[in-house]
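To start, the structure under review is shown below, and the notes come after it.
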Amino acid sequence: MKKKLKMKDVKRGMALFDVHYPEHDKRCLDIAVQFCRDFNPDVFILGGDQMDMDCISFYNRNRPKLLEGKRLKKEYAGFQKDVLNRFEPYLGFDCDKYFFIGNHEYRVDRYLESNPQHEGFIEVEANLALGGWDVVPFNEAVSIGHMNFIHGIYWNKYHSYKHVNIYEDNLFYGHVHNAQVYTKTTPLVNLPKQGVGVGCMCNKNPSYQRNKPNSWINQFLFWYMFPDGNFTYYTPTIIEGRVVINNVLYDGGV
Ligand SMILES: [Fe+2]
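Residue numbers (the working numbering): 88 to 341.
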């Protein structure tokens, strides 16, 4: 018979995907900070695309008007102050912290391919206080119990189906900025495989989108993990800067 567990045996984790600073949604970020304070996570994940890094984007090359007021140093300093420094007080000494390189942070590597003379000066590790954080390379996954995390590879219409079928395991990811779940269960394996695309923490209509309709939604992820690696997860959706989680009202930006 299974041992009866107590809540102290259960670990807590929290993940934010696609903050896209400085195009982040301030109310969503407020809510995530408040929730983090209440939740006291054992694992904290920034799942990639924490920053936009527009000013070194290949797409903006030779388009200086789009870069007005945008500087990489300013973006790093703002992210440190407005994001990292706000969460750090609520991430305990033994909290496992992960900083995923998303396709936007990967713009640094792409920039260095044509400007190698700046190597060592513009990488995230050189500009953010990430001591105590694991920096996860672009497109690499992290496994915690039976959960696996990645920034996200596919952004086709049925991306959760594609992620589960290619990776053949539970996979939590962002990248697409919308919410999608696909589950796969076979009689041969007892555990269901869940592919979960988690929404974003950014402004749903950033300047570069130019009012185009999209499927983006504001969410974050939190979970409880049992000692055997099984888990229960939640992806609360934040609408107009408000969400209720477990009878607590979180009101962002007020
Ligand atoms: Fe993104």
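Glycine included, each C-beta is placed from N, C-alpha and C at the ideal position.
Taking 7 angstroms as the cut-off, is the C-beta of residue i nearer than that to any heavy atom in ligand 1?
i            : result
cysteine 287 : yes
How close, in whole Å, do the beta carbons of residue i and residue j come, if the pair is a contact with beta carbons under 8 angstroms?
i                 : j              : result
tyrosine 163      : asparagine 202 : Going by Cβ atoms, the distance from tyrosine 163 to asparagine 202 rounds to 17 angstroms, so no, they are not a contact pair.
glycine 189       : aspartate 136  : 4 angstroms
methionine 101    : cysteine 115   : Not quite, the Cβ-Cβ distance comes to about 13 angstroms (not below 8 angstroms), so this is no contact.
isoleucine 237    : methionine 312 : That pair is no contact at about 18 angstroms.
valine 263        : tyrosine 320   : Actually they are not in contact, since the Cβ atoms of valine 263 and tyrosine 320 sit about 17 angstroms apart, beyond 8 angstroms.
glutamate 110     : asparagine 298 : The Cβ separation is near 14 angstroms, so there is no contact.
tyrosine 269      : tyrosine 248   : 4 angstroms
phenylalanine 307 : leucine 103    : 5 angstroms
tyrosine 185      : valine 223     : 6 angstroms
isoleucine 118    : valine 330     : 6 angstroms
Could you check which residue in the options has the C-alpha nearest to that of residue i?
i                 : options                           : result
glycine 316       : Tyr337, Met234 and Leu171         : Met234
phenylalanine 318 : Gly286, Gly328, Lys280 and Asn298 : Lys280
tyrosine 198      : Gly219, Arg173, Tyr248 and Tyr146 : Tyr146
valine 342        : Phe309, Tyr241, Val330 and Met288 : The requested residue 342 does not occur in the structure, where the chain is confined to residues 88 to 341.
threonine 273     : Met288, Glu255 and Gly261         : Glu255
glutamate 327     : Phe225, His107 and Asp112         : Asp112
isoleucine 325    : Ala266, Asp139 and Val251         : Ala266
asparagine 305    : His107, Val97 and Lys91           : His107
lysine 93         : Leu258, Pro314, Glu210 and Phe208 : Pro314
leucine 217       : Asn127, Leu133 and Trp242         : Leu133
histidine 413     : Pro151, Asn252, Leu159 and Asp105 : Residue 413 lies beyond the residue range present for the chain, which begins at 88 and ends at 341; the question has no answer from this structure.
aspartate 125     : Gly340, Lys152 and Val335         : Val335
lysine 98         : Ile209, Pro128 and Gln121         : Pro128
aspartate 196     : Lys157, Trp303, Glu212 and Cys182 : Glu212
isoleucine 209    : Trp303, Ile143 and Asn292         : Ile143
methionine 288    : Trp220, Lys89 and Met138          : Met138
asparagine 257    : Leu275, Asn243, Lys244 and Val229 : Val229
tryptophan 242    : Val276, Leu275, Asn301 and Phe187 : Asn301
glycine 340       : Gln121, Phe174 and Asp96          : Gln121
Quick check for students: name the residue ranges of the alpha helix (DSSP H) that lie wholly in the segment 94-149, counting only runs of 4 or more. 113-126
Could you name the residues whose beta carbon sits closer than 5 angstroms to any heavy atom belonging to ligand 1, keeping them in chain order? Asp105 and Asp136
Output the residue ranges of the beta strand (DSSP E) runs that lie fully inside the segment 168-251 and measure 3 residues or longer, sorted by chain position. 183-187, 220-223, 229-231 and 234-237
Report the start-end ranges of each beta strand (DSSP E) in the segment 269-337 that is 3 residues or longer and not cut off at the edges. 276-284, 308-312, 318-321 and 329-332
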